[in-house]
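These notes concern the structure reproduced below.
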Amino acid sequence: MAWDFETDPEFQKKLDWIDRFLDDQVEPISQLGVGYAGPKSKTYQKAIRPLQAKVKEMGLWACHLGPELGGQGYGQIKLALMNERLGRVGLAPVVFGCQAPDTGNAEIIAHYGSEEQKKKYLWPLLNNEITSGFSMTEPQGGSDPLAFKTSAVLDGNAWVINGEKWFTSGARSAEVLVVYAVTDPDHKDPYRRMSMFLVPRKTKGVEVIRYVGVGTERGGSEGYMRYSNVRVPYDALLGERGAAFVIGQTRLGGGRVHHAMRTVGQCKKALDLMCQRAVSRTTRDGRIGDYQMVQEQIADSWIELEQFRLLVLQTAWKIDKYKDYRKVRKDIAGVKVAMPKVYHDIVKRAMHIHGALGVSNEMPFSGMLIGSMVMGIADGPTEVHKITVAKQLLRDFRPDNDLFPSYHLPKVRQAAKDRFPDIAEELKQEWAARALSIDAL
Ligand SMILES: Cc1cc2nc3c(=O)[nH]c(=O)nc-3n(C[C@H](O)[C@H](O)[C@H](O)COP(=O)(O)OP(=O)(O)OC[C@H]3O[C@@H](n4cnc5c(N)ncnc54)[C@H](O)[C@@H]3O)c2cc1C
242 MAWDFETDPE FQKKLDWIDR FLDDQVEPIS QLGVGYAGPK SKTYQKAIRP LQAKVKEMGL
302 WACHLGPELG GQGYGQIKLA LMNERLGRVG LAPVVFGCQA PDTGNAEIIA HYGSEEQKKK
362 YLWPLLNNEI TSGFSMTEPQ GGSDPLAFKT SAVLDGNAWV INGEKWFTSG ARSAEVLVVY
422 AVTDPDHKDP YRRMSMFLVP RKTKGVEVIR YVGVGTERGG SEGYMRYSNV RVPYDALLGE
482 RGAAFVIGQT RLGGGRVHHA MRTVGQCKKA LDLMCQRAVS RTTRDGRIGD YQMVQEQIAD
542 SWIELEQFRL LVLQTAWKID KYKDYRKVRK DIAGVKVAMP KVYHDIVKRA MHIHGALGVS
602 NEMPFSGMLI GSMVMGIADG PTEVHKITVA KQLLRDFRPD NDLFPSYHLP KVRQAAKDRF
662 PDIAEELKQE WAARALSIDA L
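Whatever position you read off the sequence shown (first residue = 1), add 241 for the numbering used here.
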């Protein structure tokens, strides 16, 4: 009987430390907006490095990684419990060495990179000495990777990259960009047409057309990129030629579930704020939390959050168990689909219960609401993941070779009668005695 919903007491102590540390030290720095200028800035060195040192001292640095890469090898369940906390504070992933997109980029360099690439990028990324960008989506559409046009053509021993990329997160401070480009346009397998490249940001021809912000954000750090005749050596290729799609799936599988873990934290924060307001705000009838319709919103939010959290934790458990993202595809896609809706619905209620204050720029809800929309788009829109869930489920079913479905009740009952003829006969007699037919059941 291996079901267990309890946290190991030793790990609970670490989680309690994380809670205190986030509240006392990380949240205030986060609110100042430190971090925006990148890891080489003075404010970053002064405010963030000491916090990162404390995390390292506590053995909580880069917990998504195994010990061979400087992490703790905790596995996904412990990571989920940590990320629920880190998700509440904007800067927390940076302070704990697990910020996107560097986590995913480091993961693929660790898996597929050459020794040279690891030396140049992996270790500096893992130590947060540099940051990176992931340049995959294109302006004409991101959901369909087969429509990407950016090309990389061999010229002697160099690749020449041309094309535009949209929403390259963190482009402002990235020193290296992971770029998807079509290298084999005529390959018979459309999923083998693209390759991945590691392109230093300062390479000639790499240009930011503009930075795009999310929601009402000013400035923004989503790079609209142009690659014009960008020459990189042959060994800028990451992994095999034509393997971009496979490598990308490795990266996105983990990333999606880590977003979900942090989203649990955001939902919990919105629910806490909602409850706080419900017991604090009064009308002539008493606290707003005494109104049943407010109570309904609180109850629905808690129930939806708990359901979502359990799905995330179960998915984390399956990742640990199978150690193969392909075996957990349906679960990860399901989590990805559930995430924006749960997040949106809880935040919307929290916002509403706060009245005008809730929709003002003095509370975090409008940013969270946009955040929930982002979760339904980034790393693939909800529709695409719903299709994955359905397709994975449908794989286990074979067509009925009959006009009526296999669970057509007359068929099921006849099979039961054939299997237990004695009982069927006795029942028939009992029912007949009461002037009923067994077929009327
Ligand atoms: C905050 C944020 C950060 C991001 N960071 C990065 C990054 O670092 N690097 C990067 O490369 N990209 C990044 N992206 C881009 C992201 O990957 C894309 O936005 C996403 O893949 C969707 O592509 P799109 O925006 O072009 O939407 P489209 O592909 O144009 O889709 C628009 C809508 O069309 C519908 N749709 C599309 N395809 C289907 C389908 N098959 N079935 C049913 N309906 C469909 C859906 O309603 C979908 O929402 C980021 C996006 C956001 C919002």
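Ideal Cβ positions, reconstructed from N, Cα and C, are used throughout, including at glycine. Since the model is a prediction, treat every value here as computed from it, not as a measurement.
Q | Terminal residues of the beta strand (DSSP E) in which Ile402 lies | A | Translated into the one-based positions of the sequence shown, residue 402 becomes position 161. 399–410 is the span of the beta strand (DSSP E), which, as asked, contains Ile402.
Q.
Can you give me the C-alpha to C-alpha distance between Val653 and Glu666, rounded to a whole angstrom?
A. Locating residue 653 in the sequence shown gives position 412, where the first residue counts as 1. Locating residue 666 in the sequence shown gives position 425, where the first residue counts as 1. C-alpha separation (whole angstroms): 17 Å.
(Q) Among the candidates Pro380, Pro386, Met437, Ser355, whose CA atom is the shortest distance from the CA of Val394? (A) Numbered from 1 along the sequence shown, position 153 holds the residue referred to as residue 394. Among Pro380, Pro386, Met437, Ser355, the Cα nearest to that of Val394 belongs to Met437.
Q | Beta bridge counterpart(s) of Ala422 as assigned by DSSP | A | Walking along the sequence shown from the start, residue 422 turns up at place 181. Checking the DSSP bridge columns, you'll see Ala422 partnered with Ser436.
Q: Just confirm the distance between the C-beta atoms of Asn403 and Tyr468, as a whole number of angstroms; I'd bet it's less than 8 Å.
A: As a first step, residue 403 must be located in the sequence shown, where it is residue number 162. As a first step, residue 468 must be located in the sequence shown, where it is residue number 227. Between Tyr468 and Asn403 the Cβ distance is about 6 Å, and since that is below 8 Å, they are a contact.
Q. Taking the Cβ atom as the reference point for each residue, do Glu463 and Val471 lie within a distance shorter than 8 Å?
A. Within the sequence shown, the letter at position 222 stands for residue 463. Within the sequence shown, the letter at position 230 stands for residue 471. Judged by their CB atoms, Glu463 and Val471 are not nearer to each other than the 8 Å cut-off.
Q.
Are the CB atoms of Gly411 and Gly374 within a distance shorter than 8 Å?
A. Walking along the sequence shown from the start, residue 374 turns up at place 133. Walking along the sequence shown from the start, residue 411 turns up at place 170. Taking 8 Å as the cut-off, the beta carbon of Gly374 is found closer than this to the beta carbon of Gly411.
Q: Could you name the residues that DSSP lists as bridge partners for Glu451?
A: Position 210 of the sequence shown, counting from 1, holds the residue named residue 451. Reading the sequence as shown, one finds Arg at residue 451 and not Glu. Answer is Tyr465.
Q: Count the CB pairs spanning the segment 525–535 and the segment 355–367 that are closer than 8 Å, and state whether there are at least three.
A: These segments do not touch.
Q) Mind pulling the alpha helix (DSSP H) runs of 4 or more residues that sit fully within the segment 592–676? A) At a cut-off of 4 residues, the continuous stretches assigned as alpha helix (DSSP H) that sit fully inside the segment 592–676 are 596–600, 606–616, 623–635, 650–660, 662–674.
**Q.** Alpha carbon of Ala303 to alpha carbon of Met323, nearest angstrom
**A.** On the sequence shown, residue 303 is found 62 positions in, with the first residue counted as 1. On the sequence shown, residue 323 is found 82 positions in, with the first residue counted as 1. Approximately 11 Å, taken between the alpha carbons.
Q: Check whether the Cβ of Ser384 sits closer than 7 Å to any heavy atom of ligand 1, and report yes or no.
A: Position 143 of the sequence shown, counting from 1, holds the residue named residue 384. A distance criterion of 7 Å places the beta-carbon of Ser384 in contact range of ligand 1, judged by its closest non-hydrogen atom.
Q. Are Ile259 and Leu301 closer than 8 Å when you measure CB to CB?
A. Locating residue 259 in the sequence shown gives position 18, where the first residue counts as 1. Locating residue 301 in the sequence shown gives position 60, where the first residue counts as 1. Taking a C-beta distance under 8 Å as the contact criterion, Ile259 and Leu301 qualify as a contact pair.
Q: Quick one: residues in its chain with C-beta nearer than 6 Å to the C-beta of Gly456, no 5 flanking neighbours on either side, listed in chain order?
A: Translated into the one-based positions of the sequence shown, residue 456 becomes position 215. Closer than 6 Å at the Cβ level, and outside the excluded window around Gly456, lie Ile611.
Q) What's the gap between the Cα of Ala511 and the Cα of Met580? A) Mapped onto the sequence shown, residue 511 falls at position 270. Mapped onto the sequence shown, residue 580 falls at position 339. Their backbone Cα atoms lie some 14 Å apart in a straight line.
Q | Proximity winner among Asp531, Arg492, Thr504, Gly506, relative to Cys516 (alpha-carbon distances) | A | Sequence index remark: in the sequence shown, residue 516 carries index 275 (1-based). Distances from the CA of Cys516 to each of Asp531, Arg492, Thr504, Gly506 were compared; the closest alpha carbon is that of Asp531.
Q) Based on Cα-Cα distance, which residue from Leu263, Gln317, Glu309, Lys287 lies nearest to Asn296? A) One-based indexing of the sequence shown puts residue 296 at position 55. A quick correction: the sequence has Val, not Asn, at residue 296. Check the Cα spacing between Val296 and each of Leu263, Gln317, Glu309, Lys287: the tightest is with Leu263.
Q. Can Lys406 and Glu379 be called in contact, C-beta distance under 8 Å?
A. One-based indexing of the sequence shown puts residue 406 at position 165. One-based indexing of the sequence shown puts residue 379 at position 138. Yes, these two residues count as a Cβ contact at 8 Å.
Q. How many Å lie between Leu514 and Ala591 at the Cα?
A. As a position in the sequence shown, residue 514 is number 273, starting the count at 1. As a position in the sequence shown, residue 591 is number 350, starting the count at 1. If you take the alpha carbons of Leu514 and Ala591, they lie about 7 Å apart.
**Q.** Residue range of the unbroken beta strand (DSSP E) whose run includes Thr556
**A.** One-based indexing of the sequence shown puts residue 556 at position 315. Residue range 533–563 is occupied by the alpha helix (DSSP H) that includes Thr556, with no beta strand (DSSP E) assigned at that position.
Q. Cβ of Val625 within 7 Å of any heavy atom in ligand 1?
A. As a position in the sequence shown, residue 625 is number 384, starting the count at 1. At least one heavy atom of ligand 1 is nearer than 7 Å to the Cβ of Val625, so yes.
Q | For Ile587 and Ser542, believed in contact at Cβ under 8 Å, the rounded distance | A | As a first step, residue 542 must be located in the sequence shown, where it is residue number 301. As a first step, residue 587 must be located in the sequence shown, where it is residue number 346. Indeed, because the Cβ distance is near 5 Å, the residues count as touching under 8 Å.
Q | Coil, strand or helix - Pro365 by DSSP | A | In the sequence shown, counting from the first residue as 1, residue 365 sits at position 124. Pro365 falls in the helix class under three-state DSSP.
Q: Starting from Val417, follow its DSSP beta bridges and name the residues at the other end.
A: One-based indexing of the sequence shown puts residue 417 at position 176. Paired residues: Ser373, Pro441.
Q.
Just to confirm my understanding: we take His626, look at its own chain, exclude 5 residues before and 5 after, and list those with CB closer than 8 Å. What are they?
A. Stepping through the sequence shown from its first residue, residue 626 is reached at position 385. So the qualifying residues of the chain are Ala574, Gly575, Lys577, Val578.
Q) Tell me which same chain residues have a C-beta within less than 6 Å of the C-beta of Arg413, skipping the five on either side of it? A) On the sequence shown, position 172 is the one that residue 413 refers to. Cβ neighbours of Arg413 beyond the five flanking positions: Ser462.
Q: Determine, using beta-carbon pairs with one atom in the segment 307–326 and one in the segment 266–281, whether at least three such pairs fall under 8 Å.
A: Too few Cβ pairs lie closer than 8 Å, so no.
Q.
Contact defined as beta carbons within less than 8 Å: I believe Val498 pairs with Ala557. What is the distance between those atoms, to the nearest angstrom?
A. Looking up residue 498 in the sequence shown gives position 257. Looking up residue 557 in the sequence shown gives position 316. Here Val498 really is in contact with Ala557; their C-beta atoms are around 7 Å apart, less than 8 Å.
Q) So Asp343 is in the beta strand (DSSP E); what residue range does that whole segment cover? A) Translated into the one-based positions of the sequence shown, residue 343 becomes position 102. Here Asp343 belongs to no beta strand (DSSP E); instead the alpha helix (DSSP H) covers 343–353.
Q: Answer yes or no: the CB of Gly621 versus the heavy atoms of ligand 1, is any distance below 7 Å?
A: In the sequence shown, residue 621 corresponds to position 380, counting from 1. Under cutoff, so the answer is yes.
Q: Return yes when at least one heavy atom of ligand 1 lies under 7 Å from the C-beta of Pro581, else no.
A: Reading the sequence shown from its first residue, position 340 is the one you call residue 581. No, the beta carbon of Pro581 sits no closer than 7 Å to any heavy atom of ligand 1.
Q | Runs of alpha helix (DSSP H) wholly within the segment 290–315 (minimum 4 residues, chain order) | A | Fully enclosed alpha helix (DSSP H) runs of 4 or longer: 290–298.
Q. By Cβ distance below 8 Å, which residues in the same chain neighbour Leu686 in space, the five residues on each side in sequence not counted?
A. The question about residue 686 has no answer here: the residues shown for the chain are numbered 242 through 682.
Q.
From the DSSP secondary-structure annotation, give me the bridge partner or partners of Gly527.
A. Here the question's residue 527 lines up with position 286 in the sequence shown. Thr524.
Q) Going along the chain, which unbroken runs of the beta strand (DSSP E) with 3 or more residues stay wholly within the segment 492–526? A) Considered as a whole, the segment 492–526 harbours no complete run of any beta strand (DSSP E) with no fewer than 3 residues.
Q: State the Cα-Cα distance for the pair Asn369 and Arg442, rounded to the nearest angstrom.
A: Stepping through the sequence shown from its first residue, residue 369 is reached at position 128. Stepping through the sequence shown from its first residue, residue 442 is reached at position 201. Going by the C-alpha atoms only, they are around 16 Å apart.
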